[in-house]
Amino acid sequence: MCHSMVKLVFVLLFSCSLLQTSEQQRYTPNWESLDTRPLPKWYDESKIGIFIHWGLYSVPAFSSEWMWWNWKGTDPSPTLVDYMNKNYPPDWTYANFGPQFRADLYSENYS
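According to mature numbering (1 follows the signal peptide of the UniProt record, and there is no 0), the residues represented by the sequence shown are -24 to -1, 1 to 87, in order.
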């Protein structure tokens, strides 16, 4: 009796694994295929926050938040140094970007 019970459990588990395999949808690595996947209900209802870094480096709009370091640090980026030399006076400092750092076009209601 014990041997037949083990067989039955094995057959049931094997059958369940076949059912699950047949229900899985296959995706290919392209947008059309990925866009067919269903999204969970909570995803559309949730509020997802995005944390961004926004600082003085965005005024010249040339580099990342590491701009000062890449400009005045121990190993300056030649590309950034060249850009700054061509576009700003020789005595220009990072702090000089401060008055130009405004959010004139910012709107919390932008959609």
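Positions of the beta carbon are idealized from the N, C-alpha and C atoms, including for glycine.
Residue from the options whose Cα sits closest to the Cα of residue i
i     : options                  : result
Asp70 : Ser9, Ser34, Trp7, Asp20 : According to the sequence shown, residue 70 is Tyr rather than Asp. Comparing Cα-Cα distances from Tyr70 to each of Ser9, Ser34, Trp7, Asp20, the minimum goes to Ser34.
Asn77 : Glu84, Arg2, Pro36       : The residue asked about is misnamed: residue 77 is Phe in this sequence, not Asn. It is Pro36.
Supposed contact pair residue j and residue i - C-beta distance, whole angstroms, cut 8 Å
i     : j     : result
Trp47 : Leu56 : 5 Å
His29 : Glu21 : With a Cβ gap of about 28 Å, His29 and Glu21 do not count as contacting.
Beta-carbon proximity check, residue i vs residue j, cutoff 8 Å
i          : j     : result
Phe73      : Leu32 : yes
Tyr64      : Phe38 : no
residue 89 : Tyr19 : A question about residue 89 goes unanswered here, because the residues of the chain that appear run from -24 up to 87.
> Where are the alpha helix (DSSP H) runs, 4 residues long or more, that stay fully inside the segment 27 to 56, in chain order?
Replying inline: For the segment 27 to 56, the full-length alpha helix (DSSP H) segments reaching 4 residues or more read 43 to 48 along the chain.
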